[in-house]
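Residue numbers (my numbering), protein chains in the order written: chain A, 1143 to 1583; chain B, 1143 to 1583; chain C, 1143 to 1583; chain D, 1143 to 1583. We treat Cβ as the ideally placed atom computed from N, Cα and C, and that holds for glycine. Following: one structure in structure tokens, then a few remarks.
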């Protein structure tokens, strides 16, 4: 499937006929911000050779996000709900805050319910009743990490029960902050809402600390995650450098993509070997990781290895089968796997090493957003509100070529983005480490 | 002038005929990074309505940056020089480090001279001789702010003398890290180099902490600057909030553009009035800043004002004329100007206020780069080296639609970018402050 | 007056006869914390030669702070009030939090009033009514700087009116968090309370960011202040180092003592000249600051000067008299004074310098407490509550020889502590800068 | 053994007869720092009831540290050596820097050898030759964590070989930065040096991140360690709070003492259960940790447990014996032990919990020193040099009652300090958590 095949059409609940309470300008050169009109578009794919650029327009045009002059809902009768689902990610509170502040101050919406613990808050609303969200409740929440709504996984498949609850509560706009699973649940909700002919807008704000969502060129919380990962890798570097035959080993998040690992390498500069899910590698053999690690250690006396958690899964599948009896190896834990294999390798050679392993994952997830993420969250949240108020539904707010755009939920769901092993990011990463282009024999 | 009129052609010293010592892949699907070919292009303008997008290709196509398979120089005979000029900016050392590391490790270049104090290092080379740059010299320089080369302003107009010196030293690639003035000097150098038919490549890495360079969608050091500004604004907020009739006033950098101020507002959330060079405002009258400030103070007991240093220059021209006699007012210092006018306004009304003024400029400029800037600097520096080695000259490395590209120096020079008062950034900023769209009567 | 003359007796409202609701142990070796008994004492002066140590016991014994087995008030009938007065200081919210949490959870006190804006909250209680403080109100306040109660200066002399208000509110324990002025006001309150034979305990928690209070070997917020000052001085160093003839000049807090400046020198290591109120210096002459600065500049091309705000006041008195006409000089602003004099000195010599002046004061005051200060505040607040509940009054909680003790308010008031120019701290500071022992001709 | 039994006499190599090159004042009131004289003493024990204070002088008097007027060595013929041994600790580079700077600039010593990897650098000097230390080598080393000399464990028992090497190198002053093991090795060195009648001074700078050294009331790096631990505990709190039945579990350093854990509790305020080596606890039973944890979870839906690594070792001894067969449990790992037991407990009850375990140890050890530690390191290092130059040997530089003092090495070695379960620190910690005074049935 190429970009030409994408359907970027955004669903709408109906024609917007309400004048927006946000007073923006309709003319230019008056030093005042303007409404976004529906014909403001952004190209998706902007790269190629001369002939490809000729037809580039056919390769995807997205709708620009922002406040419209006419909106679909009367703000005074709107009941909005917000939920956060999945694992923690820096910036969740910033997004919640932005959604509430924009609803309240810009549109005058006065009923905003914070659902507790993701979809659980719809399924067990009597047990964990929603929080009434107002500006004074959210004013300072962005100063700490986590989410004031709580979060949990799962539940997104009990669609009917959830729409029942939305109807019972009288919610007509739902903001779903979460990752792939959450957005899949949201698509299912939309289908059921359409089936029942309800006017409930569902707008997603995509969350993936791994930065691996398509059509969202940078996920919120990502820069914070890299900042925290850098902190851990810097510590591992020092532990390695200051010991005899010191080896630092760090595992960072990245189940299906190595973006955090790749960016951490470029920010930190001390990593010698970086392992990501997108690029295969082997442990053994003269072009395997262990041999390269040994050469590095002999040459420089210390080494630093950084692994994304999804790296080398194939290797482990094999290994773990071998090791089932002892049960020492948790399937898929690349950190423990590398720790054990590196130790065994050098022990067999009779070389004493000092291996220090750091797994900073939870510290990363719970950090408060750094300023650049805080800004991004503030703008994602505001644009999600503009989308819902305009009657758009079944869409995400994304960032494409640095512009905030609407992305159809169905398109974004299930399609992951990874580090391109042939592209410039990975090229610069490999250059920064000095590791071989490919550690396969 | 519209985008259609831009000439994005990049100058070259000649045909590259040397095989690159960087071993990259030439085929795809081998999990190894590839060379960039000269026909890999990036669209400049990607936004518009349907009819505009039809012809968007004509509105600018840029060359993608990156390592080429064939290069122009033999690395073993290359003598590269680096200089940093103008005011300090976070990330300078990161860029120097990346240029040196890429030259040394990727291309095998062994003669790299660090010119001292900007163009001064060419003009007074005997007084301030260049530093010989090697990996061990630059390894840890990115951990602190500033520039190990030192920096100074001016000198860029003594073109002939500088080219004499480049010839005397045998430099054939010059990396000029600096702002508008520096790049203008670099263009003049290029003209003189062409006049003399020399094979000296001059590649610029654009530096402007204000983020106001065209064709560079984000200048290095900018996110660090915002992070530090947030710190100062947070302090001013607390000082204002915790005093009776407290007013916090902060001046941040931004001579011709309000990007730092605008982003700080979005990251910090507590600013009530933000003033930038791009949007006029008045002090007096019922729609002037002072009246709005008074209303805010009556309603909430405290207020926070953030001004970019270039804001309100017209007001001061008038005022300073009036005040020349007493000499109290330094022309153009918007911070002192506002401090005095706010104090006088409330004193005249007999209202006691607690005004706390913070000017954090130098703290901002000297900060070490935050990780996202560190990454950006590392990649700018590497791509600048790739550009020079390929024989390109009279060009900058820029970022357009998130892609690293080559930008003709002549095009970038003298063309500033500002916050668009009618665009989405300023819209979101005004929404975040709650200030009136325009404070003019 | 020597330590032998101090009267360390603590005032008490009466005999404590109520069993403490805090269940602590009364025997040892049961791994449980014990009550503090009234005969647990701490020596004040612990230093001297052999003969001095013979009689050292007579040189001051203080009472140890902590929870007593018998207390004076019935917690259920206690109405406590808290106020914060004077300039902001890191840790204020931490202290408020600790007082409230200890009252509520340890003693079961349920009426806690937060007076607004220092003594103003007693004088204008109808205008700025107190905040009802409960655990949920204070739970997270320590995450930001400032004080949730607000602060203001003055008012402490309107004693009768304030005691009227305490009576009207039924307050019987007042916690006064503030500096010298605040504690003087508290002593006056105590006298009036005694005159009226009221059972109102007044316990002070001494606040002085300058660290200059006697009998309190470290004031809360001080380590945070130094951390922030280090940040500013590091920036000034970089600005100076990276410019031609760069001079960095930083002013930090310290009206009567140079503790912040002295500690910043030791933490930062780059300061060449530090000026404090306790040590005189001259500008002119061959042993004056300016000549030394010039020599340093010639030798090393850059220099860094750090001044406590109270330094060199005598010099300015003279200068400002000379300059009254032009009005350029704000009396006593050592930062501006040095900036002007350094500029003039080098201008007269025809030497171009690059002087960068930083005044980070408000950023320092408003910072949230670093962990070591947070811990200190938590313990000061808890011990203040223990003191008040035991019926003690007219006393402060202090730290002497690393032990928390009770200090009579009358003794602490008006007696400032300074950096001893003949002592080990200043010795180590002068060594760290390399400056001459005394810059006087 | 009570304080009365301590022998605080400091060993000396001989009478100092050399005039110090440090020019300090010998009179008072001249605003210049003075030499320390040998009769300046500091009381060790300063606490007790009235009768105890009568005789307190007999309970320990220590010698004050600092520069003497007469010194033992001629600086121009001194060869000093420095080593760092044991685990990493924040501030190592700060101490190295201070020792080198004081030797070089204050005393004019020009031969300073940095031994590599602790005692290994003496035992294998040909393999890992010493680094020549000069001001330009150490100028900026305090900006990063770790130690430029490298560190390793062990080797301290090969005394004769090491003294041979000291003699071969001509070292006559050795600075040993390390913990208990390192100082024991240093005592052995001193004995051998005495046996050979050599004039080699050995001065220790005690390092123990756990803060458990007697006669050193605060170990360097400790405040940095607490700052980093606070970061990890804050993350665990957020992970726990924002999940359904979330339990955060953090393990921090503290093999034999709970100081880091105790201080972290007071700084962070969110810990519900803290476990330290000094206070026994049980897992099972109605007063055991698990039952209390369950009650907390039912009441508040989330809980936070902080364990020092040495806590609960007795429990594990039993458990690990039971579990040897499966081999899942690494002996003594309280973090894994608690994780498994908590999981099992709630699983048995059929309650779903969300347990997040964080072990931040290596991140803590490798951090650069916070300013208060940086200051402390600077002063420890300077005072160690003063001690060695005066001819003192077999002693440490310590801090007692906030004064820098000399402590006999033999006294300090092997005597650990712990959190007193009956004292005020633990009392305040237990109050802050709200946990039961003792979790034993």
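Contained beta strand (DSSP E) runs [length at least 3] in the segment 1213-1291 of chain D, N- to C-terminal order: 1221-1226 and 1253-1256
Collapsed DSSP secondary structure at residue 1525 of chain A in the structure displayed: Mapped onto the first chain, residue 1525 of chain A falls at position 383. DSSP places residue 1525 of chain A in helix when its eight states are reduced to three.
Expected contact under 8 Å - CB spacing of residue 1355 of chain D and residue 1554 of chain D to nearest Å: By 1-based counting over the fourth chain, the position of residue 1355 of chain D is 213. By 1-based counting over the fourth chain, the position of residue 1554 of chain D is 412. Rounded to whole angstroms, the Cβ separation of residue 1355 of chain D and residue 1554 of chain D is 6 Å, and the two are in contact under 8 Å.
Strand pairing of residue 1535 of chain B, partner residues [DSSP]: Taking the first residue of the second chain as 1, we reach residue 1535 of chain B at position 393. B:1153, per the DSSP bridge assignment.
C-beta neighbour in chain D for residue 1259 of chain A, strict 8 Å: In the first chain, residue 1259 of chain A corresponds to position 117, counting from 1. Interface residue, yes.
Residue 1167 of chain C - DSSP class collapsed to helix/strand/coil: Translated into the one-based positions of the third chain, residue 1167 of chain C becomes position 25. Residue 1167 of chain C falls in the strand class under three-state DSSP.
C-beta contact flag for residue 1226 of chain C and residue 1238 of chain C at 8 Å: Your numbering for residue 1226 of chain C matches position 84 in the third chain. Your numbering for residue 1238 of chain C matches position 96 in the third chain. Going by C-beta atoms, residue 1226 of chain C is nearer than 8 Å to residue 1238 of chain C.
Proximal residues of chain A, C-beta to C-beta of residue 1182 of chain B below 9 Å: Working through the second chain from its first residue, we reach residue 1182 of chain B at position 40. In chain order: 1189, 1190 and 1191.
Bridge-paired residues (DSSP) for residue 1293 of chain D: Taking the fourth chain and counting its residues from 1, one reaches residue 1293 of chain D at position 151. DSSP, once it has assigned bridges, lists no residue as partnering residue 1293 of chain D.
Proximity of residue 1321 of chain D and residue 1515 of chain D at Cβ, strictly below 8 Å: Within the fourth chain, numbered from 1, the residue matching residue 1321 of chain D stands at position 179. Within the fourth chain, numbered from 1, the residue matching residue 1515 of chain D stands at position 373. Their beta carbons are not under 8 Å apart, which means residue 1321 of chain D does not touch residue 1515 of chain D by this criterion.
Cross-strand partners of residue 1355 of chain D (DSSP beta bridge): Mapped onto the fourth chain, residue 1355 of chain D falls at position 213. For residue 1355 of chain D, which the question treats as bridged, DSSP gives the partners D:1558.
Partner residues on chain D for residue 1285 of chain B, Cβ-Cβ distance less than 8 Å: Start at 1 with the first residue of the second chain, and residue 1285 of chain B comes out as number 143. Correct list: 1285 and 1286.
Own chain residues within Cβ distance below 6 Å of residue 1385 of chain A, not counting five before or after: As a working mapping, residue 1385 of chain A is identified with position 243 in the first chain. The answer, listed in chain order, is 1496.
Buried or exposed by the 16-neighbour rule on C-beta atoms within 10 Å, applied to residue 1151 of chain D: Along the fourth chain, one-based indexing puts residue 1151 of chain D at 9. So residue 1151 of chain D ends up on the exposed side.
Bridge-paired residues (DSSP) for residue 1415 of chain C: Position 273 of the third chain, counting from 1, holds the residue named residue 1415 of chain C. C:1447, per the DSSP bridge assignment.
Strand pairing of residue 1348 of chain D, partner residues [DSSP]: Taking the first residue of the fourth chain as 1, we reach residue 1348 of chain D at position 206. Paired residues: D:1320.
Contact under 8 Å by Cβ, residue 1318 of chain A with residue 1325 of chain A: If you number the first chain from 1, residue 1318 of chain A lands on position 176. If you number the first chain from 1, residue 1325 of chain A lands on position 183. Yes.
Local conformation of residue 1546 of chain C per DSSP, three classes: Indexing the third chain from 1 puts residue 1546 of chain C at position 404. Reduced to three states, the DSSP call for residue 1546 of chain C is strand.
Beta-bridge partners of residue 1429 of chain B, as assigned by DSSP: Within the second chain, numbered from 1, the residue matching residue 1429 of chain B stands at position 287. Paired residues: none, contrary to the question.
Residue 1203 of chain A: first and last residue of the uninterrupted beta strand (DSSP E) it sits in: Within the first chain, the letter at position 61 stands for residue 1203 of chain A. Where residue 1203 of chain A is concerned, the enclosing beta strand (DSSP E) stretches over 1203-1206.
Three-state class that DSSP yields for residue 1500 of chain A in the structure shown: Your numbering for residue 1500 of chain A matches position 358 in the first chain. Strand, per DSSP.
Pick from B:1243, B:1519, B:1175 and B:1161 that is closest to residue 1564 of chain A, judged by C-alpha positions: Start at 1 with the first residue of the first chain, and residue 1564 of chain A comes out as number 422. With distances taken between Cα atoms, residue 1564 of chain A lies closest to B:1175.
Proximal residues of chain A, C-beta to C-beta of residue 1517 of chain B below 8 Å: Position 375 of the second chain, counted from the start, is the residue given in the question as residue 1517 of chain B. Under the 8 Å cutoff, chain A gives 1368, 1405, 1408 and 1409.
Three-pair Cβ contact test at 8 Å for the segment 1497-1513 of chain B versus the segment 1495-1512 of chain C: Verdict: yes, contact present.
Between the CA atoms of residue 1296 of chain A and residue 1323 of chain A - distance to the nearest angstrom: Numbered from its first residue, the first chain carries residue 1323 of chain A at position 181. Numbered from its first residue, the first chain carries residue 1296 of chain A at position 154. Approximately 8 Å, taken between the alpha carbons.
Pair within 8 Å by beta-carbon distance, residue 1451 of chain B and residue 1397 of chain B: The residue labelled residue 1451 of chain B in the question sits at position 309 within the second chain. The residue labelled residue 1397 of chain B in the question sits at position 255 within the second chain. Yes, these two residues count as a Cβ contact at 8 Å.
Alpha-carbon to alpha-carbon, residue 1208 of chain A and residue 1168 of chain A: Taking the first chain and counting its residues from 1, one reaches residue 1168 of chain A at position 26. Taking the first chain and counting its residues from 1, one reaches residue 1208 of chain A at position 66. Their Cα atoms are separated by approximately 14 Å.
Per-residue burial, residue 1191 of chain B [other beta carbons within 10 Å of its own, 16 or more giving buried]: One-based indexing of the second chain puts residue 1191 of chain B at position 49. The residue in question, residue 1191 of chain B, is exposed, as its Cβ has fewer than 16 Cβ neighbours within 10 Å.
Straight-line Cα distance separating residue 1407 of chain B from residue 1548 of chain D: Residue mapping note: residue 1548 of chain D aligns to position 406 of the fourth chain, counting from 1. Residue mapping note: residue 1407 of chain B aligns to position 265 of the second chain, counting from 1. For residue 1548 of chain D and residue 1407 of chain B, the distance between alpha carbons rounds to 54 Å.
Validate contact between the segment 1327-1340 of chain D and the segment 1362-1369 of chain D using beta carbons, cut 8 Å, 3 pairs: No, the segment 1327-1340 of chain D does not touch the segment 1362-1369 of chain D.
CB contact check: residue 1471 of chain A to chain B, cutoff 8 Å: Locating residue 1471 of chain A in the first chain gives position 329, counting from the first residue. In this predicted model, residue 1471 of chain A has a pLDDT of only 39, less than 50, meaning its place in the structure is not dependable; the value taken from the coordinates is given anyway. No, its Cβ sits nowhere closer than 8 Å to a Cβ of chain B.
Reference residue 1478 of chain A, options A:1449, A:1357 and A:1567, closest by Cα: Looking up residue 1478 of chain A in the first chain gives position 336. When only C-alpha atoms are compared, the closest one is A:1449.
Stretch-stretch touch, CB-based, cutoff 8 Å, three pairs: the segment 1155-1171 of chain C with the segment 1170-1189 of chain D: no
Any 3 or more C-beta pairs closer than 8 Å across the segment 1373-1382 of chain D and the segment 1343-1354 of chain D: no
When D:1276, D:1281 and D:1248 are compared against residue 1571 of chain C, the one with the closest alpha-carbon: Taking the third chain and counting its residues from 1, one reaches residue 1571 of chain C at position 429. Taking only the C-alpha atoms, the option nearest residue 1571 of chain C is D:1248.
Reduced DSSP category for residue 1385 of chain C - H, G, I as helix; E, B as strand; rest coil: Here residue 1385 of chain C is taken as the residue at index 243 of the third chain, counted from 1. Here residue 1385 of chain C sits in coil by DSSP.
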